[in-house]
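Trainee:
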Ligand code: LLP
C-alpha cells in the first residue's frame, strides 16, 4: 500500500519494519553477550521511534534535563535512565537526583563534589559512575571522536583512581565512550583491552559493579540498502574480547546511531538545476537545516532519485539555505534530473531530525512512519 502519493514538501520517512528488525538484532546480540542497552536518545527523539525502542526493554541514555524530562514523559522508569553530559548544570544534576534516575556519569572531580553533596542532602537513590577519558585513538571524524586526552570528555584514569580511593562505596563503576561512527571493530577490541588494564589497576578491594562502554558502533553510509543493519554481534564480541563475563558480568552499552540511522530517510524535491554545463548542481528544498551532518562533518550520505534511467551523470546536490556548506556533496551519480524530481537522502534517521536547525527561519518538516515493507513511490507535486 502506498502511504503517500502526493508530494507536499520535504519530510523524514521512517521504515518502522527495519527499525523493529534492527532492535531485534541488537537485543539478541545483547542477550548473548550479557549486555544491557541504553538507547542514546540524542540520535533521534521522535516519539514513535523511541516508543518502539522502549517497548523492547531498552533503557535510555540522556544528556540534558530536557532529555531526562522527555524520557520520563515517554514512559521510561527512572531506573532505566542513565545521565551523561560533559557540562551538567547544578539544576540538571538536582533534577536527575530528585528523580532518582538510575546512574549519573560524572565527568570530573569538581562535578563529583556537587553530585555527592546534593545526593546526600536529597537522599537520592541515584548511583554515581565515573566517566574516564582513556586517551585512546579511534578511526572516525575528529569532531565525533571523544576518547583522547585533548578531548573535553571525562576525567583521567588517575583522577578516577583518587576518587575511588576516597569514596569507594559511593562509586558504582566506570563509563567510557570513545567516539561515534566507528566501523573498524578492532578499535572496540582495543578499548576492551584498555579498559581491562584500567580495571585491573583499581584500588584493591574496590568492587566494580557497573561498567558502561558507551555507544559508537558505525553504520554503512555508502551501501545503506545492502547493509541496513549494523554489526551488533561483532561489536559486542569485540568488546567482550578482554572483558569476558568472568571479569565483568554485565556490560552496559549506549547505542544511538546504529539503532536508528538506516531506518530514516530524508525526502526532498529538486527545485532548480544550476550550472548545468559546468557543474550540474541540483538545489533541493531540504538541506543542512534538516540534516546538518554533511555541513558539520563533511559526512557523505547516499543520494538517490525516484526515477529509473540507465544513463546517469554526476551531480552536486545542495540545500536551499544561504551557506555554501549547505550541500550533500559533489559527484552523486544520478539519472538526468529536472525540476520536480524527488530525491532521497539515505541513512538520515540518526542525528537528522534531532539536530535540525531553524536557521533562515526554516520551518520544521514532518515525519512519516511507514509500517509496510512495500516500496513507496512518490508522485510529483501537483502544481
Ligand atoms: N554515549 C555517549 C556518552 C555519547 O556521547 C554518544 C554520542 C553515544 C553514547 C551514542 O553514540 P552512537 O552510538 O550514536 O555513535 N552528531 C554526530 C554524532 C555525535 C555523537 C555524540 N555522542 C553525528 O551526526 O555523526
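In the numbering used here, the protein residues as written are 5 to 387. A virtual CB, placed ideally from N, CA and C, is assigned to each residue, including glycine.
In whole angstroms, what separates the C-alpha of residue 370 from that of residue 258?
Mentor: Position 366 of the chain shown holds residue 370. Position 254 of the chain shown holds residue 258. For residue 370 and residue 258, the distance between alpha carbons rounds to 27 Å.
Trainee: Less than 7 Å separating the Cβ of residue 185 from some heavy atom of the ligand LLP?
Mentor: On the chain shown, position 181 is the one that residue 185 refers to. At least one heavy atom of the ligand LLP is nearer than 7 Å to the Cβ of residue 185, so yes.
Trainee: Among the residues of its own chain, which have a CB less than 6 Å from the CB of residue 242, if the five just before and after it don't count?
Mentor: The residue labelled residue 242 in the question sits at position 238 within the chain shown. Only 189, 192 and 193 meet the Cβ criterion.
Trainee: Between residue 235 and the ligand LLP, is the CB less than 7 Å from at least one heavy atom?
Mentor: The count along the chain shown starts at 1 and reaches residue 235 at position 231. No.
Trainee: Would you mind sorting residue 386 into buried or exposed? The rule is 16 or more other CB atoms within 10 Å of its CB.
Mentor: Taking the first residue of the chain shown as 1, we reach residue 386 at position 382. Note that residue 386 has pLDDT 49, beneath the 50 cutoff, so the model's placement of it is unreliable and the number below is only indicative. It is exposed - the Cβ of residue 386 has fewer than 16 other Cβ atoms within 10 Å.
Trainee: Please indicate yes or no: does the CB of residue 149 lie closer than 7 Å to some heavy atom of the ligand LLP?
Mentor: Position 145 of the chain shown holds residue 149. Every heavy atom of the ligand LLP is 7 Å or more from the Cβ of residue 149, so no.
Trainee: Cα-Cα, which of 336, 309 and 287 is closest to residue 330?
Mentor: Taking the chain shown and counting its residues from 1, one reaches residue 330 at position 326. Of the candidates 336, 309 and 287, the one whose C-alpha sits nearest the C-alpha of residue 330 is 287.
Trainee: Considering only DSSP beta bridges, list what residue 308 is partnered with.
Mentor: The residue given as residue 308 occupies position 304 in the chain shown. Bridge partners of residue 308: 348.
Trainee: Is the beta carbon of residue 272 less than 8 Å from the beta carbon of residue 289?
Mentor: Taking the chain shown and counting its residues from 1, one reaches residue 272 at position 268. Taking the chain shown and counting its residues from 1, one reaches residue 289 at position 285. Cβ distance < 8 Å, so residue 272 and residue 289 count as in contact.
Trainee: If you draw a straight line from the C-alpha of residue 128 to the C-alpha of residue 76, how long is it?
Mentor: If you number the chain shown from 1, residue 128 lands on position 124. If you number the chain shown from 1, residue 76 lands on position 72. Cα-Cα distance, rounded: 17 Å.
Trainee: Please name the residue or residues paired with residue 19 in a DSSP beta bridge.
Mentor: Along the chain shown, read from residue 1 onward, the residue named residue 19 stands at position 15. The partner list for residue 19 (beta bridge, DSSP) reads 374.
Trainee: Just the Cα atoms here: how many angstroms apart are residue 3 and residue 163?
Mentor: Lying before the first or after the last residue shown, residue 3 is absent from the chain, which here runs from 5 to 387.
Trainee: How would you write the range of the alpha helix (DSSP H) that residue 70 sits in, first residue to last?
Mentor: Here residue 70 is taken as the residue at index 66 of the chain shown, counted from 1. Its alpha helix (DSSP H) spans residues 69-78.
Trainee: Keeping to the same chain, check which residues put their C-beta closer than 6 Å to that of residue 20; ignore five residues upstream and five downstream.
Mentor: Numbered from its first residue, the chain shown carries residue 20 at position 16. Closer than 6 Å at Cβ, skipping near neighbours: 373 and 375.
Trainee: First and last residue of the beta strand (DSSP E) that includes residue 59?
Mentor: Reading the chain shown from its first residue, position 55 is the one you call residue 59. Unbroken run through residue 59 is the alpha helix (DSSP H), 51-59; no beta strand (DSSP E).
Trainee: Quick check: is any heavy atom of the ligand LLP less than 7 Å from the C-beta of residue 259?
Mentor: Taking the first residue of the chain shown as position 1, residue 259 is located at position 255. Yes, the beta carbon of residue 259 sits closer than 7 Å to at least one heavy atom of the ligand LLP.
Trainee: Relative to the C-alpha of residue 165, which residue among 145, 150 and 138 is closest?
Mentor: Here the question's residue 165 lines up with position 161 in the chain shown. Checked all of 145, 150 and 138; the closest Cα to residue 165 is 138.
Trainee: For residue 109, tell me which candidate among 117, 103, 99 and 88 has the shortest Cα-Cα distance.
Mentor: Counted from its first residue, the chain shown places residue 109 at position 105. Here the closest residue by C-alpha is 88.
Trainee: Excluding the 5 residues preceding and the 5 following residue 235 in the sequence, name in chain order all residues of the same chain whose CB lies nearer than 8 Å to its CB.
Mentor: Along the chain shown, one-based indexing puts residue 235 at 231. These residues qualify, in order along the chain: 189 and 221.
Trainee: Which of the three DSSP states, helix, strand or coil, is assigned to residue 12?
Mentor: The residue given as residue 12 occupies position 8 in the chain shown. It is coil, neither helix nor strand.
Trainee: Would the C-beta of residue 297 count as close to the ligand LLP, meaning under 7 Å from any of its heavy atoms?
Mentor: Within the chain shown, the letter at position 293 stands for residue 297. Yes, the Cβ of residue 297 comes within 7 Å of a heavy atom of the ligand LLP.
Trainee: In whole angstroms, what is the alpha-carbon distance linking residue 155 and residue 58?
Mentor: Within the chain shown, numbered from 1, the residue matching residue 155 stands at position 151. Within the chain shown, numbered from 1, the residue matching residue 58 stands at position 54. Taking the straight line joining both Cα atoms gives about 31 Å.
Trainee: Mind checking whether the beta-carbon of residue 23 lies closer than 7 Å to any heavy atom of the ligand LLP?
Mentor: Taking the first residue of the chain shown as 1, we reach residue 23 at position 19. Incorrect: residue 23 has no Cβ contact closer than 7 Å to the ligand LLP.
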